[in-house]
Amino acid sequence: MKKLLLFAIPFLLVFAGCSTSKITTSWNEHEQTPAHFNKILVVGLFDDSNRVLRQQMEEQLANELKYEGYNAVTSISLYGPKSFQKLSAEQALKEVRSKDIDGIITIGLVDKNKEKTYVPGYGYRPYGWAYRPWGPWGYMYRPYYLPGFRGYYKTNVNYVFETNLYDVRGKQLVYSVQTKSEDPSNIYVLADDYSRSIIKDIKKKNVLSS
Numbered sequence: 161m162k163k164l165l166l167f168a169i170p171f172l173l174v175f176a177g178c179s180t181s182k183i184t185t186s187w188n189e190h191e192q193t194p195a196h197f198n199k200i201l202v203v204g205l206f207d208d209s210n211r212v213l214r215q216q217m218e219e220q221l222a223n224e225l226k227y228e229g230y231n232a233v234t235s236i237s238l239y240g241p242k243s244f245q246k247l248s249a250e251q252a253l254k255e256v257r258s259k260d261i262d263g264i265i266t267i268g269l270v271d272k273n274k275e276k277t278y279v280p281g282y283g284y285r286p287y288g289w290a291y292r293p294w295g296p297w298g299y300m301y302r303p304y305y306l307p308g309f310r311g312y313y314k315t316n317v318n319y320v321f322e323t324n325l326y327d328v329r330g331k332q333l334v335y336s337v338q339t340k341s342e343d344p345s346n347i348y349v350l351a352d353d354y355s356r357s358i359i360k361d362i363k364k365k366n367v368l369s370s
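For the sequence shown, the tail end lands on 370 under my numbering, and the numbers increase by one without skipping.
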């Protein structure tokens, strides 16, 4: 059993590093010419019950943008948790322009659902020798189902986000993407995987110029 755990650790680390977030749809207004913004505001469109999630999502996406060289700020850091709630669309535009903001990225929680999946009982049996870079020669293991082992039901929580990038000067949508995050372990992993997938798609689609 001890050998089994030692051999399993590298696999667990690999799978733990896999992203939970996937792009489902993506659209870009300027496919040939990337948009240029001097300052981008990241706004989470969440209700008060998801305030912690909103803050984490805003901060992580803003940090990823800054890492790529863009000037990005969060709405919570600039205006507080109740930003724009009592302002009309025109008032909100006037306010962001006063801060020299010419690009806005909104993060909307489109759906949050739970689903149950059945995990059957299983065990491991060795099936040969192999060399591993993390240790000496030893048995490799493969899973197999055990009739005597009890399975269990697992509840997965899935999130669907819609992210839109707006040009404040032209008052137009320049980029829109929808993502699905499948059963993240916590909101920090959720925000990190989501932000990385968005930035990866922005770079792939050549949405923003440096």
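We put the CB at the ideal spot given by N, CA and C, even for glycine.
Residue i and residue j closer than 8 Å at C-beta
{"i": "F321", "j": "V270", "result": "yes"}
{"i": "V334", "j": "D361", "result": "no"}
{"i": "N188", "j": "K363", "result": "no"}
{"i": "S355", "j": "L238", "result": "no"}
{"i": "S370", "j": "A195", "result": "no"}
{"i": "T184", "j": "T323", "result": "no"}
{"i": "E224", "j": "I359", "result": "yes"}
{"i": "I347", "j": "L247", "result": "no"}
Exposure label - residue i; buried when at least 16 CB within 10 Å
{"i": "G240", "result": "exposed"}
{"i": "D207", "result": "exposed"}
{"i": "E250", "result": "exposed"}
{"i": "Q216", "result": "buried"}
{"i": "T193", "result": "exposed"}
{"i": "T180", "result": "buried"}
{"i": "S422", "result": "The structure shown does not extend to residue 422, since the chain spans only 161 to 370, so no value can be given for it."}
When the options are compared against residue i, the one with the closest alpha-carbon
{"i": "R329", "options": "V256, S235, Q215 and Y313", "result": "V256"}
{"i": "Y326", "options": "T185, F197 and T193", "result": "F197"}
{"i": "Y230", "options": "S209, T277 and G263", "result": "G263"}
{"i": "K372", "options": "E275, H190 and N210", "result": "Outside the shown range of the chain (161 to 370) lies residue 372, about which nothing can therefore be said."}
Presumed contact (8 Å Cβ cut-off) between residue i and residue j, rounded CB distance
{"i": "L201", "j": "I261", "result": "5 Å"}
{"i": "V317", "j": "D343", "result": "6 Å"}
{"i": "K182", "j": "S357", "result": "7 Å"}
Sequence-distant residues of the same chain with beta carbon closer than 8 Å to residue i, five excluded per side
{"i": "F244", "result": "V203, S235, A252 and E255"}
{"i": "K272", "result": "V317, N318, Y319 and V320"}
{"i": "K199", "result": "N231, A232, V233, K259, D260, I261, D262 and G263"}
{"i": "K331", "result": "L253"}
Same chain, Cβ closer than 6 Å to residue i, neighbours up to 5 away in sequence not counted
{"i": "R292", "result": "Per-residue confidence for R292 stands at a pLDDT of 48, beneath the threshold of 50, marking its modelled position as unreliable; the derived number appears in the next sentence. Taken in chain order, the list of residues that qualify is empty."}
{"i": "G268", "result": "L205 and E322"}
{"i": "K274", "result": "T315 and V317"}
{"i": "T266", "result": "V203, L205 and N324"}
7 Å CB neighbourhood of residue i in its chain, flanking five on each side removed
{"i": "S186", "result": "V337, D361 and K365"}
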